[in-house]
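Please read the structure below before turning to the comments.
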Amino acid sequence: MRWSKALIPTHKEDPSDAETTSHKLMIRAGLMRKLTSGVYSYLPLGWRTIRKVETIVREEMDHTGAQEIHMPVLSPAELWKETGRWDVYGAELWRVRDRNGRDFALGPTHEEVVTDIVRNEIRSYRELPFNLYQIQTKFRDEIRPRFGVVRAREFMMKDAYSFHRDEDSLDETYRIMCDAYSRIFDRCSLTYRPVEAATGAIGGSHSHEFMVLSDTGESEVIVCDCGYAATDERAEGKVAPMTSGEEPGEMKPVDTPGMKTIEEVSEFLGVEPWRLVKTIVYEVDGRPVAVLVRGDREINESKLAAALGSEVVEPASPEVIERTTGAPVGFAGPVGLDGIEIIADHSVEPMANIVVGGNRADVHMTNVCPGRDFEPNAYRDVVLVRRGDACPRCGGPLDSFRGIEVSQAFKLGTKYSESMNATFLDEDGTAKPLIMGCYGLGVTRTVAAIIEQHNDENGIAWPKAVAPYSVEILAVNVKSEDVRNLADWLYRELCDRRIDALYDDRNESPGVKFKDADLVGMPLRITVGDRGIKKGIVEARVRATGEESEVPIEGAPDRIAKIVETLP
RNA sequence: CGGGGCGUGGCGCAGCCCGGUUAGCGCGCCUGCUUUGGGAGCAGGAAGUCGGAGGUUCAAAUCCUCUCGCCCCGACCA
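Going by my numbering, the first residue of the first sequence is number 12, and it counts up by one from there.
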């Protein structure tokens with residue numbers, strides 16, 4: 012491609028609305044433009060990279076025997092009502108209505124649609140297992156789009172769905188998919204890590220996410236030297252018990268006017284946060300549940316939901332809190348809290364003389380002792396694990412890092428096949444629900460992740476496999492006939508060798524062209540200038556390393572083709 | 001949804017508090033000449049209903065009301 016004819020609108024300055032490196036660079040290097048919040052147009056350079064990532068994904072998916080299909084973005088509400096997700100998925104499900112008032116969803120994921128296809132076409136165990144995938148635009152009405160294409164409302168995803176007669180078969184495909192993902196991310200030159208994950212709105216029994224290590228990532232990952240790795244939602248771990256070692260004192264109320272938060276109460280009473288216990292009222296399947304956790308810790312709602320055997324737990328509304336505790340928000344406590352289930356985190360059990368809400372406005376209770384002054388219905392692990400806690404496997408100290416979640420695999424089991432009555436006839440002649448797995452991979456998000464890991468102060472430094480072009484030919488001065496002729500010739504020769512080359516033939520000053528070359532970041536830059544021509548050479552420079560070499564003009568196309576081959 | 005911030009030529013911003021000629025600056029863009037190895041120089045030029053609507057006023061980018069959009073933080077952690 013000749014730059015003079017290309018749409019590559021670069022910017023010198025960072026866009027005002029971008030925060031992260033990848034977002035800024037994707038705008039500055041002319042990969043994409045925002046249309047509206049969380050929605051982007053991909054310009055030629057951006058689209059070329061997306062297609063290269065897609066190609067890698069396709070190759071690796073096809074290699075596993077998965078079959079590519081293409082499902083609609085638009086799906087009728089009835090399908091979502093069959094599985095209950097019309098209600099459960101929440102505001103994130105992008106709903107639209109047709110002229111006749113019928114409800115539809117713009118697909119955020121396609122379990123319902125694919126299961127509908129399969130239940131209509133599959134009869135026998137003999138047809139199993141198989142794996143269907145698509146690469147498609149997804150819609151999620153995100154509460155807050157962020158970081159450019161990392162959290163967008165419209166984005167591209169590869170989603171695969173596998174169907175099985177038994178768990179063993181599912182396990183096998185799940186493993187194969189995880190392996191395929193490793194190959195995909197290896198080929199994208201990403202530093203990543205598969206971690207155990209919670210199942211969330213998709214559901215299912217077992218899940219892994221692939222995390223690309225990045226400080227700008229939205230996910231917190233808990234890791235241990237022993238190999239344990241899980242998202243913070245999922246992570247287990249032992250919280251070091253904290254006890255004052257004091258003799259149990261006499262429980263008594265204290266006035267805490269307007270002190271609603273742990274911080275406020277802690278400061279007001281001069282007591283460290285860990286000696287408080289917070290009581291959070293949740294609504295679980297329509298009933299209120301009080302959850303206790305040590306004051307210096309947070310509740311993990313995902314683990315809470317699992318502990319209660321419920322799919323969705325949400326913090327109760329102020330009205331429900333007042334009704335169940337008799338106090339306004341901020342003063343709930345377990346003492347004398349009747350008629351409501353109380354779940355306490357293990358961290359609460361060994362404590363004594365703790366401070367809790369008094370179930371009365373502006374009152375807290377002190378010297379409260381679990382077991383003496385109240386008895387929870389159960390002690391469970393519902394705490395959000397963090398760095399420094401003990402590893403659930405080896406007991407060693409847990410560490411944490413930030414990551415961008417580029418893919419997630421789930422063992423769905425029969426969650427969708429049962430609710431949608433998708434069955435097959437097994438060998439014994441009985442109808443059984445299909446066992447399913449699903450495997451998502453964020454394509455556009457992966458592009459952002461690649462840029463997060465491959466850039467420097469001058470711009471993007473693409474890995475070759477996903478670079479929009481492998482080589483940029485930079486003609487220093489196109490007014491020089493020698494330079495123009497040589498660069499033209501080189502460009503043609505490389506094109507003839509089917510090397511994708513970007514040829515900066517613009518009549519711009521050298522400075523502009525060098526800066527732009529660094530910004531858009533093709534892996535190899537070939538500089539053609541009078542200076543080199545005098546010496547009978549062109550210059551090759553590797554973008555990622557800055558490594559430079561001189562290539563004799565004689566035989567340069569072949570030599571350059573060779574260099575391109577060796578690039579990472 | 002709550003809080004905060006921002007909307008001024010294509011991009012990045014100033015001006016607004018304290019209303020008053022033709023609304024500025026940098027970059028970019030167009031024309032010409034010069035220049036050509038790390039964001040060139042000179043000269044000339046085009047381009048903005050100051051997000052939108054309403055109001056106050058002799059007069060509004062500037063003050064008031066409403067509204068739309070974008071960004072950030074938070075979203076029931078008691």
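In this text, a Cβ means the ideal position worked out from N, Cα and C, and glycines have one as well.
The model shown is predicted, which means the values in this text are computed figures rather than measured ones.
Ranked by Cα distance from Leu104, the options Ser86, Met376, Gly112 are led by Ser86.
Around the beta carbon of His22, fewer than 16 other beta carbons sit within 10 angstroms, so the residue counts as exposed.
Excluding its 5 nearest sequence neighbours in each direction, Ser230 has C-beta neighbours in its own chain below 8 Å: Glu220, Met222, Thr242, Asp243, Arg413, Gly414, Ile415, Glu416, listed in chain order.
Boundaries of the alpha helix (DSSP H) around Ile462: 454-464. Taking 8 Å as the upper bound for CB-CB distance, Ile291 and Ile310 are in contact here, some 6 Å apart. DSSP lists Gln147, Gly453 as the bridge partner or partners of Met168. Assigned with DSSP and collapsed to three states, Gly101 falls in helix.
Thr254 is classed as exposed because its beta carbon has fewer than 16 other beta carbons within 10 Å across all chains shown. DSSP places Asp243 outside both helix and strand once states are collapsed to three, so it counts as coil. Counting other Cβ atoms within 10 Å of its Cβ, Asp516 reaches 16 or more and is therefore classed as buried. Annotation for Leu117: the continuous beta strand (DSSP E) segment containing it runs 114-117.
For the set Glu468, Ala102, Tyr514, the Cα lying nearest the Cα of Val487 is the one of Tyr514. Per the coordinates, the alpha-carbon of Arg198 lies some 20 Å from the alpha-carbon of Ala512.
A Cβ-Cβ separation of about 6 Å places Ile446 in contact with Asp177 under the 8 Å criterion.
When secondary structure is reduced to three states using DSSP, Lys545 falls in the helix class. With a minimum length of 4 residues, the unbroken runs of alpha helix (DSSP H) contained wholly in the stretch 229-292 fall at 273-280.
In the three-state reduction of the DSSP assignment, His219 falls in the strand class. The stretch 311-321 makes no contact with the stretch 402-409, as fewer than three CB pairs between them are under 8 Å. Within the DSSP bridge table, the entry for Leu436 names Ser135, Ala442 as partners. Per DSSP, the unbroken alpha helix (DSSP H) holding Glu71 starts and ends at 55-74. DSSP, read as helix, strand or coil, puts Thr184 in helix. When Ser15, Leu117, Pro55, Asn496 are compared, the shortest CA-CA separation from Pro83 is found for Leu117. Rounded to the nearest whole angstrom, the CA to CA distance from Ala460 to Val64 is 12 Å. Between His121 and Lys422, the beta carbon gap of about 17 Å keeps them out of contact (Cβ cut-off 8 Å). DSSP, reduced to helix, strand and coil, places Phe525 within a helical segment of the structure shown.
Per DSSP, reduced to three states, the secondary structure at Met82 is coil, with no helix or strand assignment. Residue environment for Asp73: exposed (fewer than 16 other C-beta atoms within 10 angstroms of its C-beta). Residues Ile195, Arg198, Cys199, Ala476 of the same chain have their beta carbon placed closer than 7 Å to that of Ile67, with the five preceding and five following residues left out of the count. When DSSP states are grouped into helix, strand and coil, Lys573 belongs to the helix group. A straight line joining the alpha-carbon of Ser180 with that of Ile187 spans about 11 Å. Counting of Cβ neighbours within 10 angstroms places Ile154 among the exposed residues, the total staying below 16.
In the structure shown, the three-state DSSP call for Thr336 is helix. Sequence-distant Cβ neighbours of Thr425 in its own chain, meaning closer than 8 Å and more than five residues away, are Pro444, Leu445, Ile446, Met447.
With respect to Leu530, Leu578 sits apart: the two C-beta atoms are not nearer than 9 Å.
In the DSSP annotation of this structure, the continuous segment of the beta strand (DSSP E) that includes Ser418 starts and ends at 410-424. Secondary structure note for Ala301: its beta strand (DSSP E) is the uninterrupted segment 298-305.
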